[in-house]
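Residue numbers (the numbering used here): 30 to 417.
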Ligand code: PSV
Ligand code: MN
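This is how it looks when you write it as structure tokens:
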């Protein structure tokens, strides 16, 4: 069995935030398959998220999406989370589901609509004060479908102005994190399509504005770990939205489509000082479980991140540096691959058990009876879903 003694203290530092929306029904534009027992409100989403933390010890916080997770009292929701052993995390704004935003939100040429989008972010910042959240995460659906549809330069200027107004509102201990996405729902151009645009925009704002890297938001073949390296080098990697893609923004379980890519990303995270309690980089999942059960889907995801983190931490850094410096291409590659091919699962099971956690969180959840209890208990009411 692999010896994890040297990296165990670092494994202790792992924390992965769960998205509240992963627990609601989701699907494609073709069909949403409803699942029995799915939460009907943010309280039930948090109860489900707490199950993931209970069985893994890896997921102490839950991100909210506004307005999907609007409640009468955020203080009460915070208390509820606390009672369930978790805390509220990142607040995600949503400017993509209101008719007014058809042609854009914070980039809109109509001042009324642009102000409405800014005001929505002010509301999110107020909520952050009540939930105790550090990060405001902004993803924009803004863009155009046709060449000539709008003036791209003007939109970029309005984006900068809107972000400045939002940034000026966040507290001294809070951050604005700007997520990029290369396409969808706009298909000709997206106003924040890539890390460079996000970086240019947040760099103009100040120290507390950072880039969010969603692993699903790149063209096929993109070397994402290079982007991770560069953003860490520039001190601007704020957070990850982890998921997997085969073709588009598939939002599949992280590490499912390409475990090696997840490993390579985590190698650069560790190399660049983006891992652990000394780092401010937030690890978050952004996933939708369309056909698989949601709670085990999230458990599988955080375990995948933990396994790849362990492998990345196991790399013999001194040997790697020596091989790189001496120009030994094959030796350097072999050192990396040795770590990747190390099966850390038995050792992680023992590590968990030593901490009083289940050796096999998937099995422990399945045996817990929680799934049956929510199917039985959550009868009536409207199930939460992507957009509801
Ligand atoms: C957009 O595709 C995105 O990745 C953003 O993070 C949104 O907030 C999230 O998905 C909604 O599911
Ligand atoms: Mn995302």
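Where is the CB? At the ideal position from N, CA and C, for every residue including glycine. These numbers come from a predicted model, not from an experiment.
Residue 292 in three-state terms, based on DSSP
Looking at residue 292 - three-state DSSP - the assignment turns out to be helix.
Taking the alpha-carbon positions, what's the residue 375 to residue 315 distance?
Taking the straight line joining both Cα atoms gives about 27 Å.
Confirm, please, whether the CB-CB distance from residue 271 to residue 239 is below 8 Å.
The Cβ atoms of residue 239 and residue 271 lie no closer than 8 Å to each other.
Out of 232, 300, 218, 237, which one is the CA nearest neighbour of residue 254?
Per the Cα distances, 300.
Which residues neighbour the ligand MN when neighbourhood means a C-beta less than 6 Å away from any of its non-hydrogen atoms? List them by chain order.
Selection output, chain order preserved: 168, 208, 243, 270, 315.
Under 8 Å by Cβ, that's how I've got residue 46 and residue 90 pegged, so tell me the actual separation to the nearest angstrom.
Contact holds; Cβ gap of about 5 Å.
Should residue 330 be flagged as near chain B, meaning a C-beta pair shorter than 8 Å?
Absent from the structure is chain B; it holds one protein chain and no more.
To the nearest whole angstrom, what separates the beta carbons of residue 370 and residue 80, a pair I think is in contact under 8 Å?
Here residue 370 is actually not in contact with residue 80; their C-beta atoms are around 32 Å apart, not less than 8 Å.
What is the C-beta distance between residue 49 and residue 94, in whole angstroms, given that I count them as a contact (C-beta under 8 Å)?
Between residue 94 and residue 49 the Cβ distance is about 6 Å, and since that is below 8 Å, they are a contact.
Measuring only the C-alpha atoms, how far is residue 417 from residue 97?
Because the pLDDT at residue 417 is just 47, under 50, the model does not fix this residue reliably, and the value given afterwards should be weighed accordingly. One C-alpha to the other measures close to 6 Å.
Buried versus exposed, by CB contacts within 10 Å (16 or more), residue 352:
Under this definition residue 352 is a buried residue.
Whole-number beta carbon distance between residue 230 and residue 261, since they are thought to touch under 8 Å
About 18 Å separates the Cβ atoms of residue 261 and residue 230, ruling out a contact at the 8 Å cut-off.
At least 3 beta-carbon pairs within less than 8 Å: the region 56-67 vs the region 408-417:
Enough Cβ pairs lie closer than 8 Å, so yes.
Inter-residue Cα distance where the pair is residue 188 and residue 274
The alpha-carbon atoms of residue 188 and residue 274 are separated by roughly 28 Å.
How should residue 408 be labelled, buried or exposed, when 16 other C-beta atoms within 10 angstroms of its C-beta is the threshold for buried?
Classification for residue 408: exposed.
Give every residue of the same chain whose Cβ lies closer than 8 Å to the Cβ of residue 326, excluding the five residues on either side of it in the sequence, and list them in chain order.
Result list for residue 326: 51, 282, 316, 318, in chain order.
Residue range of the beta strand (DSSP E) that residue 312 falls in?
311-314 is the span of the beta strand (DSSP E), which, as asked, contains residue 312.
On the CB-based measure, 16 or more other CB atoms within 10 Å of its CB, does residue 121 come out buried or exposed?
Counting every other CB atom within 10 Å of its CB across the protein chains shown gives residue 121 a total of 16 or more, marking it as buried.
Keeping to the same chain, check which residues put their C-beta closer than 6 Å to that of residue 177; ignore five residues upstream and five downstream.
Taking C-beta separations shorter than 6 Å and ignoring five residues to either side along the sequence, residue 177 has no partners in its chain.
3-residue-minimum beta strand (DSSP E) runs that sit fully inside the region 140-169, ordered along the chain
The qualifying runs are 164-168.
Can residue 121 be considered in contact with the ligand PSV, in the sense that its beta carbon sits closer than 7 Å to one or more heavy atoms?
Yes, Cβ of residue 121 sits closer than 7 Å to a heavy atom of the ligand PSV.
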